[in-house]
């Protein structure tokens, strides 16, 4: 916990919040963090050791955390989740061999559609001309100019654009070195080969990759656990159906509605008739990397409000206070001298280190803005009142958009997560014995 031993936090006269013992936990929430979610495998091992899943009635998360929450709510075991994370193609019906397959070719050009095949889009004459021009002038700056002059220009955009151009000018050689070093990675291969198409499509599509294979994978994973009486896998499982399914657990994930400027909660209470796979795909939709969902009006009962939706982690990357008013597995005494508990434990990724790196130029500033402003952080959700209900997992070596890290890096992060989880429960027992 960043080297500090946190003490119980007063919340009201005679009432305190303390760490949660395994038997206290009824809800689990997972922070978003892209490829850093591999660290959850270690935490899940320890939660299983303590039989926590036997009395958890709800799971929540954002982005990569939403995927973990969905798998648990659907009834996947820890071993099944580990197998999927290591070898996704081993799961029946899943058509990807690696999570890097979530990064798709620019053709066919697809945009998200709720509850069905993604829609294919035809290039406009202007887009075709732009692609031709970009292929003749293979300079990154041209691509940036093209995007900005295709409808994205505004005062704030202009300032960010000028800052980005200044950074590219200073770090162009370093950027090229990084691309060369990672030339065999699928993401780099696609960007090198198809960057004119990706740039030309940004204005209308508002993102690089459609995420269709991600959505289809999520729907298959759900369907395998939601089979009908004939054993046929379900399709487009809704939140209402998932809650009524074999596991019977509530799932809550977040999305960001850029149209309304509000966080959208997807759950059986808020969006009972919305497909879970689409909600989780929204929640993992890193801005600009994945194309957003555009839900047109009019408003529909059981669905989220109309709007343009991106990654839930942008505004709420750790939705664990949302479970505060939920019932626990069984009634507990609420005497005035007893600890106040919400029975929700949150697992966090990518905690800011004690000595953060210095920000000394525009490139480093843009990186920080992108990391915390665009890709989100759970820090705003963790007030002192709730801090003892979080476990911080060290994600050193893992990266937001590295979906297939080396096995040794995964192994080290999993072991660190096991240690962090065990240490938390040891302190929880100590807190309980001291009361």
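In the UniProt record's numbering, the protein residues as written are 1 to 435.
Note that the Cβ used here is the ideal one computed from N, Cα and C, for glycine as well.
Beta-carbon contacts of residue i that lie in its chain and below 6 Å, excluding the five residues immediately before and after
| i | result |
| --- | --- |
| residue 396 | none |
| residue 84 | 91 |
| residue 431 | 18 and 19 |
| residue 200 | 127, 130 and 131 |
| residue 282 | 255, 293 and 309 |
| residue 65 | 30, 31 and 32 |
| residue 434 | none |
| residue 225 | 74 and 75 |
| residue 426 | none |
| residue 36 | 349, 350, 395 and 398 |
| residue 245 | 226 |
Member of the options whose CA lies at the smallest distance from the CA of residue i
| i | options | result |
| --- | --- | --- |
| residue 195 | 312, 180 and 105 | 105 |
| residue 43 | 262, 345 and 108 | 345 |
| residue 271 | 261, 286, 288 and 299 | 299 |
| residue 34 | 289, 227, 322 and 431 | 289 |
| residue 182 | 402, 423, 315 and 217 | 402 |
| residue 188 | 301, 51, 121 and 103 | 103 |
| residue 202 | 110, 218 and 38 | 110 |
| residue 22 | 400, 258, 261 and 51 | 51 |
| residue 263 | 122, 80, 307 and 414 | 307 |
| residue 247 | 25, 56 and 45 | 56 |
| residue 73 | 218, 184, 208 and 324 | 218 |
| residue 31 | 316, 86 and 244 | 316 |
| residue 285 | 249, 227, 209 and 244 | 209 |
| residue 122 | 180, 191, 133 and 205 | 205 |
| residue 412 | 427, 428 and 394 | 394 |
| residue 133 | 197, 193 and 425 | 197 |
| residue 390 | 434, 191, 407 and 343 | 343 |
| residue 135 | 429, 428 and 191 | 191 |
Pair within 8 Å by beta-carbon distance, residue i and residue j
| i | j | result |
| --- | --- | --- |
| residue 29 | residue 304 | no |
| residue 215 | residue 277 | yes |
| residue 440 | residue 78 | There is no way to answer for residue 440, as the model of the chain reaches only from 1 to 435. |
| residue 118 | residue 212 | yes |
| residue 40 | residue 18 | no |
| residue 269 | residue 287 | no |
| residue 113 | residue 422 | no |
| residue 409 | residue 400 | no |
| residue 88 | residue 96 | yes |
| residue 323 | residue 27 | yes |
Own chain partners of residue i with C-beta closer than 8 Å, once the 5 adjacent residues on each side are dropped
| i | result |
| --- | --- |
| residue 186 | 98, 100, 101 and 103 |
| residue 229 | none |
| residue 301 | 273 |
| residue 418 | 42, 43, 45 and 46 |
| residue 415 | 42 |
| residue 227 | 233 and 234 |
Spatial neighbours of residue i in its chain, beta-carbon cut-off 7 Å, leaving aside the 5 residues before and after
| i | result |
| --- | --- |
| residue 115 | 236, 275 and 278 |
| residue 120 | 108, 109 and 110 |
| residue 207 | 288, 289, 290, 291 and 292 |
| residue 239 | 251, 266, 267, 268, 271, 272, 274 and 276 |
| residue 297 | 306 |
| residue 260 | 305 and 307 |
| residue 243 | 250 and 268 |
Supposed close pair residue i, residue j - CB separation, criterion 8 Å
| i | j | result |
| --- | --- | --- |
| residue 38 | residue 405 | 6 Å |
| residue 223 | residue 234 | 4 Å |
| residue 221 | residue 71 | 7 Å |
| residue 424 | residue 321 | About 19 Å; that fails the 8 Å criterion. |
Cβ contact (3+ pairs, closer than 8 Å) linking the region 49 to 69 and the region 237 to 254:
They touch, by the three-pair rule.
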